[in-house]
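Here's the structure, in structure tokens; my notes come after.
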Amino acid sequence: MVFVSCEKQKPMDKVVNDALSFSLKQYKHMADVMKDKEDLLPRTLDTVGNLVTAKSSWWTSGFFPGCLWYLYEYSKDGKIKEYAEMMTARIEKEKNNTGTHDLGFMLYCSFGNGLRVTGNKNYIEVLLTGAKSLSTRFRPKIGCIQSWNSRKGWQCPVIIDNMMNLEFLMWAFKSSGDSSYYKICVSHSDTTMKNHFRPDYSSYHVVSYDTITGRVEKKQTSQGASDESAWARGQSWGLYGYTVMFRETKLVKYLNQAIHIADFMIDNPNMPQDKIPYWDFNAPGIPNAKRDVSAAAVMASALIELSGYVQPELGKKYLEIAETQLRSLASPVYLAKAGKNGNFILMHSVGSIPGKSEVDVPLTYADYYFIEALLRYKSLSKK
Ligand code: GLY
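Numbering (the working numbering), first residue to last: 126 to 508.
Following this line, the structure appears as structure tokens:
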């Protein structure tokens with residue numbers, strides 16, 4: 126594609142700096158729009174381009190405040206800090222929510238980043254209360270945190286996405302000294318490694334367990350193309366989750382798992398040249414299937430981190446893939462025009478094609494992991 130070769134002329138640090146300064150402007154406009162919307166957070170655009178907002182209980186609520194914290198860290202702009210505090214406060218009541226496994230996304234991306242960037246001690250209580258709420262979903266008989274409440278004939282569904290909540294619980298372990306959080310994280314990671322992955326290291330989306338015996342009852346999908354397919358964002362969640370678990374525990378089994386997942390994705394014959402995955406590696410209609418920019422953004426961020434944990438040659442390979450992804454995402458094919466796209470940063474993500482929901486739209490989590498990846502890439506040059 127022509128745009129890729131043009132972008133390649135631009136030095137990587139300029140790609141990154143331009144994308145960050147664009148993101149700052151775009152999300153400042155978004156915050157201007159959101160400031161009077163009481164307790165709501167931005168979510169996506171509808172089919173005619175109107176803003177769709179979410180309540181704090183929706184799984185993506187923490188990403189917008191999380192983006193603002195990253196952008197404050199980058200810019201030190203006081204107005205962005207004010208907005209980050211305002212949007213973060215909108216989510217506080219979720220600390221008592223025991224009906225979801227998504228508290229890592231909701232609270233750690235918002236309050237967690239706020240604590241990391243500002244040291245605001247008031248955020249610690251919110252996070253520890255939230256971690257306690259999340260830990261009530263751990264099922265000792267199964268060895269996993271339950272994702273969704275039982276539905277669709279699933280007694281105890283656990284989705285690969287749930288690997289993303291462990292960073293929050295590992296923070297709770299370090300902060301409180303309570304080793305039960307560490308044990309939950311290791312148990313969940315080990316059980317997921319055993320039951321979610323196929324021999325080629327692609328993963329099932331949903332593994333449901335029998336609550337009496339603790340055994341696997343079904344391996345299926347909810348958001349993928351079929352039960353046996355490799356739903357793209359699910360592969361990215363797994364890659365990111367095991368990379369984090371290696372960082373937090375230094376257990377080599379998690380590093381090896383992350384490497385296997387990365388290699389499945391990178392070497393997949395259905396990975397496009399610009400490295401922005403189709404929404405499912407087995408999507409019908411490839412090469413005309415929809416792309417999922419969110420899967421690319423999560424993967425890029427994970428690969429940048431993983432590149433620092435492996436042998437130099439492999440690290441170089443991972444970083445080159447992440448660079449291609451960042452260049453692609455920062456190109457006009459995927460990056461919005463200033464003031465357009467409802468002030469979201471990236472276009473062309475997919476929420477759920479089987480659910481006919483959020484197809485080829487902007488999503489706050491694509492923006493969040495894109496900004497995170499840009500900042501991670503930028504910090505490499507300081508090392
Ligand atoms: N955790 C939900 C999703 O990735 O769509």
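Every residue, glycine too, gets a C-beta built ideally from N, C-alpha and C. Predicted model only: the values in this text are computed from it and were never measured.
Tell me which residue opens and which closes the alpha helix (DSSP H) that residue i is part of.
i	result
residue 210	203–214
residue 192	188–200
residue 310	304–320
residue 219	No alpha helix (DSSP H) holds residue 219; DSSP gives it neither H nor E.
residue 292	291–301
residue 437	437–454
Leaving out the 5 sequence neighbours to the left and right, which residues in its chain are closer than 8 Å to residue i when beta-carbon positions are compared?
i	result
residue 216	166, 181, 186, 187, 190, 231, 232, 235 and 236
residue 515	The question about residue 515 has no answer, for the chain in this structure spans 126 to 508.
Please return the same chain residues whose Cβ sits closer than 6 Å to the Cβ of residue i, not counting the five positions on each side in sequence.
i	result
residue 314	370
residue 327	355 and 389
If you follow the beta strand (DSSP E) that residue i is part of, which residue opens it and which one closes it?
i	result
residue 342	341–345
residue 483	482–486
residue 178	176–179
Helix, strand or coil for residue i per DSSP?
i	result
residue 326	coil
residue 131	No answer about residue 131 holds up, because its pLDDT of 49 lies below 50 and its placement is not dependable.
residue 126	Low confidence applies to residue 126: its pLDDT is 45, below 50, so where it sits in the model is not reliable enough to give any reading.
residue 477	strand
residue 263	strand
residue 167	strand
residue 254	helix
residue 184	coil
If you draw a straight line from the C-alpha of residue i to the C-alpha of residue j, how long is it?
i	j	result
residue 437	residue 223	43 Å
residue 193	residue 205	6 Å
residue 296	residue 478	33 Å
residue 287	residue 162	30 Å
residue 127	residue 207	The pLDDT assigned to residue 127 is 45, lower than 50, so where the model puts this residue is not dependable, and the model offers no usable value.
residue 132	residue 451	Since pLDDT at residue 132 reaches only 46, below the 50 mark, its modelled position is unreliable, and the value read off the structure follows with that caveat. If I take the Cα positions, the gap works out to 10 Å.
residue 379	residue 278	31 Å
residue 168	residue 473	14 Å
residue 494	residue 419	8 Å
residue 303	residue 242	24 Å
residue 340	residue 359	22 Å
residue 322	residue 333	13 Å
residue 500	residue 172	31 Å
residue 238	residue 209	10 Å
residue 412	residue 396	10 Å
residue 406	residue 281	26 Å
Can you give me the Cβ contacts of residue i inside the same chain, cut-off strictly under 7 Å, excluding the 5 residues immediately before and after it?
i	result
residue 507	none
residue 301	253
residue 220	232, 251, 254, 255 and 258
Per DSSP, which one or two residues make a beta bridge with residue i?
i	result
residue 416	403
residue 284	331
residue 269	264
residue 377	DSSP, once it has assigned bridges, lists no residue as partnering residue 377.
residue 428	Bridge partners of residue 428: none, in fact.
Let me see if you follow: with CB-CB separation under 7 Å, is residue i close to chain C or not?
i	result
residue 441	The structure shown contains no chain C; it is built from a single protein chain.
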